[in-house]
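Enquirer:
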Amino acid sequence: MAKSSSTEGRVRVLVVEDEESFIDALSIGLDREGFTVTIARDGQEAVQAFAQATFDIVLLDLMLPKMSGLDVCRAIRMTSDVPIIIVSAKGEEVDMVLLLEIGADDYVTKPYRLRELVARIRAVLRRREVHERTEGGDERISRGPIEMDVEGRRCFVDGDEIKLRKKEFALLQLLLENPGRVLTREVIIDRIWGSDYVGDTKTLDVHIKRLRSLVETNPKEPVRITTVRGVGYRFELTKSE
Ligand code: CA
Numbered sequence: 056m057a058k059s060s061s062t063e064g065r066v067r068v069l070v071v072e073d074e075e076s077f078i079d080a081l082s083i084g085l086d087r088e089g090f091t092v093t094i095a096r097d098g099q100e101a102v103q104a105f106a107q108a109t110f111d112i113v114l115l116d117l118m119l120p121k122m123s124g125l126d127v128c129r130a131i132r133m134t135s136d137v138p139i140i141i142v143s144a145k146g147e148e149v150d151m152v153l154l155l156e157i158g159a160d161d162y163v164t165k166p167y168r169l170r171e172l173v174a175r176i177r178a179v180l181r182r183r184e185v186h187e188r189t190e191g192g193d194e195r196i197s198r199g200p201i202e203m204d205v206e207g208r209r210c211f212v213d214g215d216e217i218k219l220r221k222k223e224f225a226l227l228q229l230l231l232e233n234p235g236r237v238l239t240r241e242v243i244i245d246r247i248w249g250s251d252y253v254g255d256t257k258t259l260d261v262h263i264k265r266l267r268s269l270v271e272t273n274p275k276e277p278v279r280i281t282t283v284r285g286v287g288y289r290f291e292l293t294k295s296e
């Protein structure tokens with residue numbers, strides 16, 4: 056995979072969008088924020104544009120002429136793991152689990168504020184950089200106040216050691232290895248308990264609850280391990296991380 060050059064120069068964004076009003080606003084707004092914008096107005100154009108140039112991130116509308124956003128996402132994923140943010144219209148029925156399964160990184164709903172969109176783009180790019188830095192299985196994972204010594208099976212929050220059971224450790228490690236990424240319940244259960252797990256899915260909730268009690272300042276209002284309703288969980292990175 057080609058390394059992202061996002062830290063060196065302007066971030067290259069492929070905006071796949073068919074509504075002129077959004078195209079205008081995004082071209083001007085994203086350019087002002089320091090992005091180099093390429094527009095594709097339908098699904099086929101998107102696939103062609105992606106084959107011809109290198110992009111750091113793709114902003115992909117779901118409802119498109121000629122080829123759906125879902126099919127564009129699938130096509131891109133056959134050759135690339137470029138970050139993809141899905142854009143859907145309000146009220147449009149979106150199968151989040153399916154989107155994540157085919158490799159989307161995040162999603163936003165129209166109408167959105169440019170500031171919100173830019174924050175999402177930067178979060179996804181930052182997460183990618185963190186991921187690339189830690190690829191190859193670092194034995195220590197550090198995210199905000201949490202530090203895991205994977206080899207030594209120890210975990211620290213703000214420097215204080217916390218005691219984790221085996222599955223709790225594996226679950227926290229999985230979350231920390233995928234900062235900012237929504238992990239579906241299915242994926243988590245599969246990775247931590249195995250695909251032949253037949254137990255109560257409440258087990259996962261119990262483990263999440265216990266982890267929150269250890270890593271959250273206020274476990275009742277989690278800001279680190281957040282719930283993505285109907286989908287799964289996400290470990291949140293803050294701006295400085
Ligand atoms: Ca559209």
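Using our numbering, the final residue of the sequence shown is 296, and nothing's skipped along the way. Glycine residues also receive a C-beta, built at the ideal position from the N, C-alpha and C atoms.
(1) Going along the chain, which residues of its own chain have a beta-carbon closer than 8 Å to the beta-carbon of glycine 23, five neighbours each way excluded?
(2) Apply the 10 Å Cβ neighbour rule to valine 278 and answer buried if 16 or more other Cβ atoms are within range, or exposed otherwise.
(3) Can we count leucine 119 as close to ligand 1, meaning its CB is less than 7 Å from some heavy atom?
(4) Can you say whether proline 138 is buried or exposed, counting buried as having 16 or more other CB atoms within 10 angstroms of its CB?
(5) Quick check on glutamate 141: buried or exposed, where buried means 16 or more other Cβ atoms within 10 Å of its Cβ?
(6) Alpha carbon to alpha carbon, how far is arginine 87 from aspartate 116? Give it in angstroms, no decimals.
(7) Under 7 Å from any heavy atom of ligand 1, does the C-beta of glutamate 206 make it?
(8) Taking one C-beta from the region 172-184 and one from the region 193-201 each time, how about it: are there three or more such pairs within less than 8 Å?
(9) Using only the heavy atoms of ligand 1, determine whether one of them is closer than 7 Å to the beta carbon of aspartate 97.
(10) Phenylalanine 110 and leucine 69 look like a contact to me (Cβ under 8 Å); what is the Cβ gap, rounded to whole Å?
(11) Is any non-hydrogen atom of ligand 1 found closer than 7 Å to the C-beta of aspartate 79, if you look at the structure I gave you?
(12) Taking the alpha-carbon positions, what's the valine 286 to glutamate 156 distance?
(13) Measure the alpha-carbon distance for serine 135 versus methionine 151 and round it to whole angstroms.
(14) Would isoleucine 244 pass as an interface residue toward chain D - the criterion being a Cβ-Cβ separation below 8 Å?
(15) In whole angstroms, what is the alpha-carbon distance linking glutamate 75 and aspartate 160?
(16) Which of helix, strand or coil does DSSP assign to glycine 64?
(17) According to DSSP, which residues form a beta bridge with arginine 195?
Expert: Once the coordinates are examined:
(1) Summary: the structure shown does not reach residue 23, with the chain confined to residues 56 through 296, and so no result is reported for it.
(2) Exposed is the label assigned to valine 278, since fewer than 16 other Cβ atoms lie within 10 Å of its Cβ.
(3) yes
(4) By the 16-neighbour rule on beta-carbons within 10 angstroms, proline 138 is buried.
(5) The residue asked about is misnamed: residue 141 is isoleucine in this sequence, not glutamate. Buried is the call here.
(6) Cα to Cα, aspartate 116 sits roughly 21 Å from arginine 87.
(7) no
(8) With a cut-off of 8 Å, the region 193-201 and the region 172-184 do not count as touching, because too few Cβ pairs lie within range.
(9) no
(10) A Cβ-Cβ separation of about 4 Å places phenylalanine 110 in contact with leucine 69 under the 8 Å criterion.
(11) no
(12) 11 Å
(13) 20 Å
(14) Given the protein chain composition of this structure (a single chain), no chain D is represented.
(15) 25 Å
(16) coil
(17) For arginine 195, which the question treats as bridged, DSSP gives the partners Asp204.
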